[in-house]
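*Asks:* Dumping the structure here so I can ask a few things about it.
Number of protein chains: 2
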Amino acid sequence: MIELSDIWRTYTMGDEKLHALAGVSETVEAGEHVAVMGPSGSGKSTLLNVLGCLDRPTSGSYRLAGREVAELSDAELSRVRQREIGFVFQSYHLVARLDAAANVELPMIFAGVSRSERKERVRRALEAVGVESRSAHRPAEMSGGQRQRVAIARATVMEPKILLADEPTGNLDSASGAQVLELLDRMSAAGLTLIVVTHDPGVARRADRVVILDDGCIARRMPGSEV
Amino acid sequence: MIELSDIWRTYTMGDEKLHALAGVSETVEAGEHVAVMGPSGSGKSTLLNVLGCLDRPTSGSYRLAGREVAELSDAELSRVRQREIGFVFQSYHLVARLDAAANVELPMIFAGVSRSERKERVRRALEAVGVESRSAHRPAEMSGGQRQRVAIARATVMEPKILLADEPTGNLDSASGAQVLELLDRMSAAGLTLIVVTHDPGVARRADRVVILDDGCIARRMPGSEV
Ligand SMILES: Nc1ncnc2c1ncn2[C@@H]1O[C@H](COP(=O)(O)OP(=O)(O)OP(=O)(O)O)[C@@H](O)[C@H]1O
Ligand SMILES: Nc1ncnc2c1ncn2[C@@H]1O[C@H](COP(=O)(O)OP(=O)(O)OP(=O)(O)O)[C@@H](O)[C@H]1O
Ligand SMILES: [Mg+2]
Ligand SMILES: [Mg+2]
Chain A
1 MIELSDIWRT YTMGDEKLHA LAGVSETVEA GEHVAVMGPS GSGKSTLLNV LGCLDRPTSG
61 SYRLAGREVA ELSDAELSRV RQREIGFVFQ SYHLVARLDA AANVELPMIF AGVSRSERKE
121 RVRRALEAVG VESRSAHRPA EMSGGQRQRV AIARATVMEP KILLADEPTG NLDSASGAQV
181 LELLDRMSAA GLTLIVVTHD PGVARRADRV VILDDGCIAR RMPGSEV
Chain B
1001 MIELSDIWRT YTMGDEKLHA LAGVSETVEA GEHVAVMGPS GSGKSTLLNV LGCLDRPTSG
1061 SYRLAGREVA ELSDAELSRV RQREIGFVFQ SYHLVARLDA AANVELPMIF AGVSRSERKE
1121 RVRRALEAVG VESRSAHRPA EMSGGQRQRV AIARATVMEP KILLADEPTG NLDSASGAQV
1181 LELLDRMSAA GLTLIVVTHD PGVARRADRV VILDDGCIAR RMPGSEV
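Spelled out as C-alpha cells, the structure:
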C-alpha cells in the first residue's frame, strides 16, 4: 500500500542544510496500524506530510498503491487527497470562520458528495468523537480538545483508505482520548490503513508495530506490544 | 496570592447560555504548585485565562496579591500582565513573522528591559527548554514541540511571580517534556507560584495539589501524590 524508499526532505537556508528526513525507507501494508514515535523535531510531522502528499520529498521514492506519487498528475493527486487519505494535523488547521459542522462538511463538498447525504454524515462524524454539541460553534468558541476532535471528524468523514493522524490525542483527557482511540480501532478493524504519530506510549501500544524516528532516520522498529 | 470567590464565566449565544465556569472558589498561596485537570471542555483554559487577567469573569471576585482585579486600572493591569504573570497558551500564539528569538524577546521589549540585557536572557531562556538551535527560525519552520517550547521560553523570560501553563507538555516527547518539567521545578523551588493545566497524570503528580474541574465546577481536590 505504502512504500517509501530512501526518502530525504532537506530544508536549505543560506548555507545551512537541515535534513528533516534523512533516508527513510519503510513499507506499510494495507490495513496495518503503525505508530510513529520519536523526539520533538525528529521528523514525524514531515514524514506524515510526505505520506499525505502534502509535501514532496527532496529525493527518494514514494509508491502509493503501486504508483509513484511524484508521477501522478495534478488531477490524480487531488483525487488521492480528497478520497483516499484523511489527515489530522498537529495544529488542526480548522477554518476559523466556519462552524464545526461546516468544517467537517468541507471535504465532502470538495469531493462532490450530494447535499442530502452530507448532513447526516457530518452529524455521525461529530457524534463519534463526542463533539456534536459544539457543531454550530466556530473554533474560537471551542476548547482545545474540542477543536482537536473536530479535526479528527473532518479527517474521517470521507471514509478514507488511509488515515494519517499527527498526535490526535495530545489535547484530550483520558475519557475523550479513549473515545477517539476506540473510533480509530473500529476503522482499523474495518480495513483502514492507520499511521498515528504520538508521544503517548499508551497510544503507540495499540498499534501493530511502532517506528521510532530520530534525527530524520528510522532508529528502531518494534511490535506495539513491546512499547 | 490568588483568591477566587464564586467565579462564573458565562457565554450567551441567542437563548443558549453556557457556563464555562460555574461558581469556582479557590485559594492559591504564593509559591504553591497546583495542577488543574478535567475533561475536555470542562473550563480549564477559561479558568487560566481569568487567572491571567486575559478574560473577565461574568461574576465573582478575583483577588491577586490582595487586590481585586476588576478594580485595577488599565495601567496596573498592564503591569501585572507584563511583569507578574507568565502565560503559556494551549495553542502557543507565537508571532508568525518573528523568529524564535524575537518572540521570546517581545515581553522584555514591552516591559522596557534594556537592549544589552535582552539578548543574553533570550539565549538562556531558549537554552533552558532545548530549542536554542531554532532561535533564528520562524514558527512555520519549527516542529510542534519546538513551538511549544518557544512559547514556554517566552512565558518565563520575564521571571514572573506566577506562571500559568496550559498543557505545556502536550506536544513533547518524554525527553523534552522532562526538560521542561525540570525547568518548572527549578522555578517553583525558587518561589514561583505555578498553575499547570494538564491531561497527563505524570505531570499532575509533581504538583503540591491537584484541582479537578468538571462542567465548570471544582469537582475534587487531592494532593499531587494521590494522582
Ligand atoms: N467564545 C466561546 N463561546 C462559546 N463557548 C465557548 C467559548 N469559548 C469556550 N467555550 C466553551 O466553554 C467550555 C470550556 O472551554 P475551555 O476551553 O475552558 O475547556 P478546557 O477544559 O480547556 O478543554 P480542553 O481540555 O479541551 O482544552 C467549552 O465547552 C467550550 O466549548
Ligand atoms: N520550513 C522549515 N524550514 C526549516 N526547518 C524546518 C521547517 N519545517 C520543519 N523544520 C525542521 O525540521 C525538523 C523536523 O520537524 P518535524 O515537524 O517533522 O518534527 P516532529 O518530529 O514532528 O516534532 P514534534 O514532535 O515537536 O512535533 C525540525 O527540526 C524542524 O525545526
Ligand atoms: Mg510534529
Ligand atoms: Mg483547554
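Chains A and B, in that order, are what the protein sequence lines are. For the first sequence, the residue numbers in the numbering used here are 1 to 227. For the second sequence, the residue numbers in the numbering used here are 1001 to 1227. Using N, Cα and C, we set each Cβ at its ideal position, and we do this for glycine too.
Residue range of the beta strand (DSSP E) that residue 17 of chain A falls in?
*Replies:* As a first step, residue 17 of chain A is located in the first sequence; it is residue number 17 there, counting from the start. It spans 16-28 - the beta strand (DSSP E) in which residue 17 of chain A sits, taken as one unbroken run.
*Asks:* Among A/144, A/138, A/105, whose alpha-carbon lies nearest the alpha-carbon of residue 1092 of chain B?
*Replies:* Counting from one through the second sequence, the residue named residue 1092 of chain B turns up at place 92. Residue A/144 is the option with its Cα nearest to residue 1092 of chain B.
*Asks:* For residue 1171 of chain B, is the beta carbon positioned less than 8 Å from some heavy atom of ligand 2?
*Replies:* For the purposes of this step, residue 1171 of chain B is identified with residue 171 of the second sequence, where counting begins at 1. At least one heavy atom of ligand 2 is nearer than 8 Å to the Cβ of residue 1171 of chain B, so yes.
*Asks:* Using 8 Å as the cut-off, classify the Cβ of residue 11 of chain A as near or not near the heavy atoms of ligand 1, replying yes or no.
*Replies:* The residue labelled residue 11 of chain A in the question sits at position 11 within the first sequence. Outside the cutoff, so no.
*Asks:* Alpha carbon to alpha carbon, how far is residue 80 of chain A from residue 193 of chain A?
*Replies:* For the purposes of this step, residue 80 of chain A is taken as residue 80 along the first sequence, with counting starting at 1. For the purposes of this step, residue 193 of chain A is taken as residue 193 along the first sequence, with counting starting at 1. So the two alpha carbons sit approximately 14 Å from each other.
*Asks:* Between residue 34 of chain A and residue 208 of chain A, which are expected to be in contact by the criterion C-beta below 8 Å, what is the C-beta distance as a whole number of angstroms?
*Replies:* In the first sequence, residue 34 of chain A corresponds to position 34, counting from 1. In the first sequence, residue 208 of chain A corresponds to position 208, counting from 1. Sure, about 7 Å apart at Cβ, within 8 Å.
*Asks:* Give a single yes or no on whether residue 145 of chain A has its beta carbon closer than 8 Å to a heavy atom of ligand 4.
*Replies:* Sequence index remark: in the first sequence, residue 145 of chain A carries index 145 (1-based). True, at least one ligand heavy atom lies under 8 Å from that Cβ.
*Asks:* Strictly below 7 Å CB to CB, what residues from chain A border residue 1172 of chain B?
*Replies:* By 1-based counting over the second sequence, the position of residue 1172 of chain B is 172. Going along chain A in sequence order, the residues near residue 1172 of chain B (Cβ under 7 Å) are 40, 199.
*Asks:* Between A/215, A/201, A/191, A/19, which has its C-alpha nearest residue 223 of chain A's C-alpha?
*Replies:* Looking up residue 223 of chain A in the first sequence gives position 223. Per the Cα distances, A/201.
*Asks:* What does residue 1176 of chain B reach in chain A if we use C-beta pairs closer than 7 Å?
*Replies:* Position 176 of the second sequence holds residue 1176 of chain B. The contacting residues are 39, 40.
*Asks:* Cβ atoms of residue 1024 of chain B and residue 1060 of chain B: under 9 Å apart, would you say?
*Replies:* To locate residue 1060 of chain B, count along the second sequence from 1; it is residue 60. To locate residue 1024 of chain B, count along the second sequence from 1; it is residue 24. Yes.
*Asks:* Quick one: is residue 175 of chain A buried, meaning 16 or more other Cβ sit within 10 Å of its Cβ, or exposed?
*Replies:* What you label residue 175 of chain A is simply residue 175 of the first sequence in a count that begins at 1. Per the 10 Å Cβ criterion, exposed.
*Asks:* Cutting at 7 Å between CB atoms, please list the residues of its own chain near residue 118 of chain A, excluding the five before and the five after it.
*Replies:* Your numbering for residue 118 of chain A matches position 118 in the first sequence. Counting only Cβ-Cβ distances below 7 Å, and skipping sequence neighbours, we find 105, 108.
*Asks:* Would you verify that the beta carbon of residue 1062 of chain B is, or is not, closer than 9 Å to some beta carbon of chain A?
*Replies:* For the purposes of this step, residue 1062 of chain B is taken as the residue at position 62 of the second sequence. False, the Cβ-Cβ gap to chain A never drops below 9 Å.
*Asks:* Counting contacts by CB-CB distance shorter than 9 Å, is residue 1052 of chain B in contact with chain A?
*Replies:* If you number the second sequence from 1, residue 1052 of chain B lands on position 52. It does not; no Cβ of chain A falls within 9 Å.
*Asks:* Name, in chain order, the residues that DSSP records as bridge partners for residue 87 of chain A.
*Replies:* Taking the first residue of the first sequence as position 1, residue 87 of chain A is located at position 87. A/164.
*Asks:* Might you give, ordered along the chain, the residues of its own chain that have their beta carbon closer than 7 Å to the beta carbon of residue 121 of chain A, omitting 5 neighbours on each side?
*Replies:* Position 121 of the first sequence, counted from the start, is the residue given in the question as residue 121 of chain A. Answer for residue 121 of chain A: 108, 157, listed in chain order.
*Asks:* For my contact list, residue 198 of chain A and residue 204 of chain A are in at a C-beta cut-off of 8 Å; report their separation, rounded to the angstrom.
*Replies:* Here the question's residue 198 of chain A lines up with position 198 in the first sequence. Here the question's residue 204 of chain A lines up with position 204 in the first sequence. Confirmed, about 5 Å.
*Asks:* Please report whether the beta-carbon of residue 1017 of chain B lies at a distance below 9 Å from any beta-carbon of chain A.
*Replies:* Residue numbering aside, residue 1017 of chain B sits at position 17 when the second sequence is read from its first letter. Taking Cβ atoms only, chain A never reaches closer than 9 Å to residue 1017 of chain B, which makes this a no.
*Asks:* Determine the extent of the alpha helix (DSSP H) in which residue 1117 of chain B is found, giving its start and end residues.
*Replies:* Position 117 of the second sequence, counted from the first residue, corresponds to residue 1117 of chain B. Residue 1117 of chain B -> alpha helix (DSSP H) spans 1115-1128.
*Asks:* Quick check on DSSP: helix, strand or coil for residue 32 of chain A?
*Replies:* Position 32 of the first sequence holds residue 32 of chain A. If DSSP states are grouped into helix, strand and coil, residue 32 of chain A belongs with coil.
*Asks:* When every heavy atom of ligand 1 is checked, does at least one fall within less than 8 Å of the C-beta of residue 1014 of chain B?
*Replies:* On the second sequence, residue 1014 of chain B is found 14 positions in, with the first residue counted as 1. No.
*Asks:* How many angstroms separate the CA atom of residue 1206 of chain B from the CA atom of residue 1181 of chain B?
*Replies:* As a first step, residue 1206 of chain B must be located in the second sequence, where it is residue number 206. As a first step, residue 1181 of chain B must be located in the second sequence, where it is residue number 181. Spanning the two alpha carbons is a distance of roughly 9 Å.
*Asks:* Could you check whether the Cβ of residue 1034 of chain B sits closer than 8 Å to any heavy atom belonging to ligand 4?
*Replies:* By one-based count along the second sequence, residue 1034 of chain B stands at place 34. Answer for residue 1034 of chain B: no, Cβ out of range of ligand 4.
*Asks:* Counting only Cβ pairs nearer than 7 Å, list the residues of chain A close to residue 1045 of chain B.
*Replies:* Here residue 1045 of chain B refers to the residue found at position 45 when the second sequence is read from its first residue. By Cβ distance, chain A contributes 143, 144.
*Asks:* Would you call residue 40 of chain A buried or exposed, if buried means 16 or more other Cβ atoms sit within 10 Å of its Cβ?
*Replies:* Start at 1 with the first residue of the first sequence, and residue 40 of chain A comes out as number 40. When all chains shown are included, residue 40 of chain A counts as buried.
*Asks:* For residue 10 of chain A, report the span of its beta strand (DSSP E) as first-last.
*Replies:* The count along the first sequence starts at 1 and reaches residue 10 of chain A at position 10. Per DSSP, residue 10 of chain A belongs to the beta strand (DSSP E) from 2-13.
*Asks:* Short of 7 Å in beta carbon distance, which residues of its chain neighbour residue 1094 of chain B, apart from the five on each side in sequence? Order them along the chain.
*Replies:* Taking the first residue of the second sequence as 1, we reach residue 1094 of chain B at position 94. 1103, 1139, 1147, 1150, 1151.
*Asks:* So residue 82 of chain A contacts chain B; which residues on that side make the cut at Cβ distance below 9 Å?
*Replies:* For this step, residue 82 of chain A is matched to residue 82 along the first sequence. Residues of chain B passing the Cβ test: none, with the nearest at roughly 25 Å.
*Asks:* Does chain B have any CB closer than 9 Å to the CB of residue 167 of chain A?
*Replies:* Within the first sequence, residue 167 of chain A is the residue found at index 167, counting from 1. By this cut-off, residue 167 of chain A is an interface position.
*Asks:* Considering residue 61 of chain A, what are the terminal residues of the beta strand (DSSP E) in which it resides?
*Replies:* Taking the first sequence and counting its residues from 1, the one referred to as residue 61 of chain A is at position 61. Residues 59-64.
*Asks:* Checking 9 Å against the spacing of the C-beta atoms, do residue 1085 of chain B and residue 1007 of chain B come in under that value?
*Replies:* Looking up residue 1085 of chain B in the second sequence gives position 85. Looking up residue 1007 of chain B in the second sequence gives position 7. Not closer than 9 Å, so no.
*Asks:* Compare the C-beta of residue 134 of chain A with all C-beta atoms of chain B and state if any pair is closer than 9 Å.
*Replies:* Position 134 of the first sequence, counted from the first residue, corresponds to residue 134 of chain A. Chain B contact via Cβ: present.
*Asks:* Taking 9 Å as the cut-off, decide whether the C-beta atoms of residue 1172 of chain B and residue 1195 of chain B are in contact.
*Replies:* Sequence index remark: in the second sequence, residue 1172 of chain B carries index 172 (1-based). Sequence index remark: in the second sequence, residue 1195 of chain B carries index 195 (1-based). Taking 9 Å as the Cβ cut-off, residue 1172 of chain B and residue 1195 of chain B do not qualify as a contacting pair.
*Asks:* Name the DSSP beta bridge partners of residue 1217 of chain B, please?
*Replies:* Position 217 of the second sequence, counted from the start, is the residue given in the question as residue 1217 of chain B. Beta-bridge pairing links residue 1217 of chain B to B/1214.
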